[in-house]
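Line order of the protein sequences matches chains A and B.
Counting from 25, one number per residue, gives the positions in the first sequence under this note's numbering.
Counting from 20, one number per residue, gives the positions in the second sequence under this note's numbering.
The structure under discussion appears below in the form of structure tokens.
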Amino acid sequence: NAGVTQTPKFQVLKTGQSMTLQCAQDMNHEYMSWYRQDPGMGLRLIHYSVGAGITDQGEVPNGYNVSRSTTEDFPLRLLSAAPSQTSVYFCASSYGSAGGNSPLHFGNGTRLTVT
Amino acid sequence: AQSVTQLDSQVPVFEEAPVELRCNYSSSVSVYLFWYVQYPNQGLQLLLKYLSGSTLVKGINGFEAEFNKSQTSFHLRKPSVHISDTAEYFCAVSVWSGGYNKLIFGAGTRLAVHP
Chain A
25 NAGVTQTPKF QVLKTGQSMT LQCAQDMNHE YMSWYRQDPG MGLRLIHYSV GAGITDQGEV
85 PNGYNVSRST TEDFPLRLLS AAPSQTSVYF CASSYGSAGG NSPLHFGNGT RLTVT
Chain B
20 AQSVTQLDSQ VPVFEEAPVE LRCNYSSSVS VYLFWYVQYP NQGLQLLLKY LSGSTLVKGI
80 NGFEAEFNKS QTSFHLRKPS VHISDTAEYF CAVSVWSGGY NKLIFGAGTR LAVHP
């Protein structure tokens, strides 16, 4: 049971570099989302998707892009990394939209440092 | 706007003692409420949820929570904690926006169980 798989686990970037955080799930979940976790601020929703080809912004979308070409994958792109994007990033998925009968399944996170 | 406030950032407690982690939410409409737990270096996993019905909800690992509509609270309790309960606990509320449910998380409460 792979569940939600995030890669890489750790990443260090220089300011201005770009990168993609990968997220894949093998549970045929329609809903996928990205959160960032910062001390004292809990988890904040960056972007989410309710199915292939459909994405929308969360609470803190600036500086991040997403796309959903398949049900399984939901990559998060940082086009020009900034120190303020230093955080732990979590991908999560659920069968229905989040907050109903279907719980969110989380990956183990990607720890990103931007210098 | 709906929001979640976790009133304690850290809660130290001795093993076998009872514990209560407090959560208040703001909402003008009916809500779905959740508690998630995060063990070190892992993603979050669902402890329990309130969707409707009985206001006392039982979850995994002996935890329970009570939904109090008049006080807009959803406090998490356990009558006797173990060392293995040391983790960070997040309260979350479901938000209906743009035709979909999304989860909004509180800032988290770090539970430290001491021998």
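Glycine residues also receive a C-beta, built at the ideal position from the N, C-alpha and C atoms.
Neighbouring residues, chain A, relative to residue i (Cβ below 7 angstroms)
i               : result
A106 of chain B : Residues of chain A passing the Cβ test: none, with the nearest at roughly 13 angstroms.
Rounded separation between residue i and residue j - CA only
i              : j               : result
R41 of chain B : T91 of chain B  : 11 angstroms
L65 of chain B : P127 of chain A : 7 angstroms
P32 of chain A : G66 of chain A  : 22 angstroms
D62 of chain A : V112 of chain B : 19 angstroms
A26 of chain A : F33 of chain B  : 36 angstroms
R92 of chain A : S73 of chain A  : 7 angstroms
T94 of chain A : N52 of chain A  : 10 angstroms
I78 of chain A : G72 of chain B  : 33 angstroms
Proximal chain B residues relative to residue i, where beta-carbon distance stays under 9 angstroms
i              : result
Y72 of chain A : Y119 and K121
Status (buried if at least 16 other CB within 10 Å, exposed otherwise) for residue i
i               : result
E39 of chain B  : exposed
K121 of chain B : buried
V23 of chain B  : buried
I123 of chain B : buried
Amino acids of chain A, ordered along the chain, whose beta-carbon sits closer than 8 angstroms to that of residue i
i               : result
F124 of chain B : Y59, G66, L67 and R68
L65 of chain B  : P127 and L128
Residue i: CB within 6 angstroms of a non-hydrogen atom of the ligand FAD
i              : result
R41 of chain B : As presented, the structure is devoid of all ligands, the ligand FAD included, so that no description of it is given.
Within chain A, the residues that residue i reaches when beta carbons sit closer than 9 angstroms
i               : result
F109 of chain B : G66 and L67
G78 of chain B  : Ordered by position in chain A, no residue passes the 9 angstroms Cβ test against G78 of chain B, which lies about 11 angstroms from the chain.
The region 31-45 of chain A contacting the region 91-102 of chain A, beta-carbon criterion three pairs below 8 angstroms: The region 31-45 of chain A, when compared against the region 91-102 of chain A, does touch it at the 8 angstroms Cβ threshold.
Three or more C-beta pairs below 8 angstroms linking the region 96-103 of chain B and the region 110-117 of chain A: Counting C-beta pairs closer than 8 angstroms gives fewer than three between the region 96-103 of chain B and the region 110-117 of chain A, which falls short of the contact rule.
Entirely enclosed alpha helix (DSSP H) segments - the region 36-119 of chain A, minimum 4 residues: Counting whole runs of 4 or more residues, the region 36-119 of chain A contains no alpha helix (DSSP H) stretch at all.
Segments assigned beta strand (DSSP E), at least 3 residues, entirely inside the region 44-78 of chain B: Complete beta strand (DSSP E) runs here, min 3: 52-57, 63-69 and 75-77.
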